[in-house]
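With the sequence shown counted from 1, adding 2 to any position gets you our numbering.
Every residue, glycine too, gets a C-beta built ideally from N, C-alpha and C.
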Amino acid sequence: MLNLIQTEFLKLRRKNFIFLMLISSLLMPLLAVFYFGAAKKADITPMQFYKWSAYSYTSWIILPAVLGILGTMLLYDENQNDMLKQLWIIPISKLGYFLSKFVIVFLYSVLFMMITAVCSILAGILPGTIPLTADSVSYLFLKCFEIGALAPFAMLPVLAVAASQKGYILPICVTLVYTFLGFILLMVNMYVHPLSGMTAIVIKDMPDIVMKQPIDLKSAFLCIGIWSIASIICADVTLRKRQ
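Right, dumping it as structure tokens:
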């Protein structure tokens with residue numbers, strides 16, 4: 003398993019698109035600068051700024067879309083070069099192969115959110131929009147790590163779909179539909195879609211956020227857990243059938 007993860011890291015050096023996708027972590031911090039600059043509001047709190055720059059669309063749409071595309075492309079490479087047949091001959095555990103991809107997605111997700119946190123601080127501090135306080139900064143990094151750690155588990159169904167396909171078009175289409183469906187269901191039922199469940203966990207202690215449903219952490223973790231286990235099982239079964 004560790005050898006598979008090490009091999010994945012070595013292959014990442016040849017994938018420029020992975021580093022280019024990190025640029026999208028700058029999107030919401032920059033939009034927050036323009037939004038609060040145009041609004042010319044006084045006494046903007048760090049929480050108000052960080053809600054825009056890190057806690058909202060970054061975790062609901064941008065990060066899930068990036069992780070879905072990343073997972074799809076990681077699995078597509080072996081299919082494109084017909085390397086899976088060689089891997090199965092070695093032999094390599096199908097489940098270990100899938101989980102090694104997941105570990106890369108997990109680490110990438112945490113890195114993405116850490117970059118978002120740093121950019122959010124700089125975007126708020128440099129123009130003088132918000133004050134620099136230890137409490138707000140520690141809370142920001144804690145929340146960004148929480149989002150970065152939960153998002154890969156919420157995106158496991160997309161990774162399972164990518165493992166079942168030889169192409170990349172269907173998984174990427176599923177990524178977009180899956181991401182926006184999670185955003186829509188956030189206002190309907192937070193405990194049927196993993197991304198909605200993840201959002202419920204993230205906003206559990208955020209002030210000034212009102213949801214139609216009460217926050218139930220057990221239901222949120224149960225939703226993510228059921229979908230994650232089902233996705234891993236489906237991916238393992240699918241890969242075992244492929245020769």
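Answer with buried or exposed for residue i, where buried requires no fewer than 16 other C-beta atoms within 10 angstroms of its C-beta.
{"i": "Thr181", "result": "buried"}
{"i": "Pro196", "result": "buried"}
{"i": "Leu32", "result": "exposed"}
{"i": "Phe36", "result": "exposed"}
{"i": "Thr135", "result": "exposed"}
{"i": "Gly169", "result": "exposed"}
{"i": "Lys220", "result": "exposed"}
{"i": "Ala232", "result": "exposed"}
{"i": "Ser111", "result": "buried"}
{"i": "Asp238", "result": "buried"}
{"i": "Gly227", "result": "exposed"}
{"i": "Phe104", "result": "buried"}
{"i": "Cys225", "result": "buried"}
{"i": "Pro159", "result": "buried"}
{"i": "Leu161", "result": "buried"}
{"i": "Pro48", "result": "buried"}
Which residue comes first and which comes last in the alpha helix (DSSP H) that contains residue i?
{"i": "Arg318", "result": "In this structure the chain extends from 3 to 245, so residue 318 is not present and cannot be described."}
{"i": "Ser138", "result": "Ala136 to Ala156"}
{"i": "Met200", "result": "Pro196 to Val204"}
{"i": "Leu178", "result": "Ile171 to Leu187"}
{"i": "Tyr110", "result": "Lys96 to Ile127"}
{"i": "Ile20", "result": "Asn18 to Met23"}
{"i": "Tyr52", "result": "Pro48 to Tyr52"}
Beta-carbon separation of residue i and residue j under 9 Å?
{"i": "Met30", "j": "Ala56", "result": "yes"}
{"i": "Gly73", "j": "Pro173", "result": "yes"}
{"i": "Lys96", "j": "Arg242", "result": "yes"}
{"i": "Ile117", "j": "Leu178", "result": "no"}
{"i": "Met115", "j": "Phe147", "result": "yes"}
{"i": "Ser122", "j": "Phe51", "result": "yes"}
{"i": "Ala202", "j": "Met213", "result": "yes"}
{"i": "Val107", "j": "Leu152", "result": "no"}
{"i": "Ser102", "j": "Ile64", "result": "no"}
{"i": "Ile71", "j": "Met23", "result": "yes"}
{"i": "Ile149", "j": "Ser230", "result": "no"}
{"i": "Met157", "j": "Leu69", "result": "yes"}
{"i": "Ile235", "j": "Ile217", "result": "no"}
{"i": "Lys53", "j": "Met208", "result": "yes"}
Quick one: is residue i near chain D, going by C-beta distance under 9 Å?
{"i": "Trp54", "result": "Although the question refers to chain D, the structure presented lacks it and comprises just one protein chain."}
Could you tell me how far apart the beta carbons of residue i and residue j are, in whole angstroms, since I believe they sit closer than 8 Å?
{"i": "Tyr193", "j": "Gly184", "result": "Tyr193 to Gly184, Cβ: 12 Å. No contact."}
{"i": "Phe143", "j": "Ala119", "result": "5 Å"}
{"i": "Ile46", "j": "Ile132", "result": "6 Å"}
{"i": "Ala34", "j": "Phe100", "result": "Between Phe100 and Ala34 the Cβ distance is about 36 Å, and since that is not below 8 Å, they are no contact."}
{"i": "Gln215", "j": "Asn191", "result": "7 Å"}
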